[in-house]
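Visitor: One structure is given below, represented as structure tokens, and several questions about it will come after.
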């Protein structure tokens, strides 16, 4: 069921505007300067609470990174692009990274090199990281 739903979304429910939006949303290089600025502002201007938030968040992320890697190895669930050829949307490389938002994304299909390059997909490192960040934002 998850494979058929994936292919429906990946092949049929496509839109150039959403391709750009989702590729931009998931591109860490675009958002990194903003997140660094927010973290520095919280650290320097947030008082004790801001500094505690940043230190605790960094410690939690440092602990969960290897744990997620161990769990990925244990579950060994393949990424969709490792199973078969899937439609992939990639942003063009630019300097600074946010300028890629003004260029048309590149659409390609995964091939053997993609299948060999990526590791297991479950649990998602992005989900774990974002859940920890959301929990800490709520707690602090």
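Residue numbers (our numbering): -1 to 138.
Ideal placement from N, C-alpha and C gives every residue a C-beta, glycine not left out.
1) Relative to the alpha-carbon of residue 108, which residue among 50, 3, 8 has its alpha-carbon at the smallest distance?
2) Measuring CB to CB, does residue 56 end up less than 8 Å from residue 131?
3) I'd like to know if the segment 12 to 31 and the segment 98 to 105 are in contact, where contact means that at least 3 CB-CB pairs between them fall below 8 Å.
4) Out of 120, 137, 12, 35, point me to the one whose CA is closest to residue 71's CA.
5) Do you know how far the Cα of residue 1 is from the Cα of residue 76?
6) Does residue 106 come out as helix, strand or coil in the three-state DSSP assignment?
7) Just grab the DSSP bridge partners of residue 85 for me.
8) Residue 124 lies in the alpha helix (DSSP H); which residues open and close that run?
Guide: Let's see:
1) Stepping through the chain shown from its first residue, residue 108 is reached at position 110. Measuring from the Cα of residue 108, the nearest candidate turns out to be 8.
2) Within the chain shown, residue 56 is the residue found at index 58, counting from 1. Within the chain shown, residue 131 is the residue found at index 133, counting from 1. Not closer than 8 Å, so no.
3) yes
4) For the purposes of this step, residue 71 is identified with residue 73 of the chain shown, where counting begins at 1. Selected option, being the one with the closest Cα: 120.
5) By one-based count along the chain shown, residue 76 stands at place 78. By one-based count along the chain shown, residue 1 stands at place 3. Rounded to whole angstroms, the gap between the alpha carbons of residue 76 and residue 1 is 12 Å.
6) Against the chain shown, residue 106 aligns to sequence position 108. Residue state, collapsed to three classes: strand.
7) On the chain shown, position 87 is the one that residue 85 refers to. Among the bridge pairs identified by DSSP, residue 85 is matched with 107.
8) Along the chain shown, one-based indexing puts residue 124 at 126. Element bounds for residue 124: 123 to 137.
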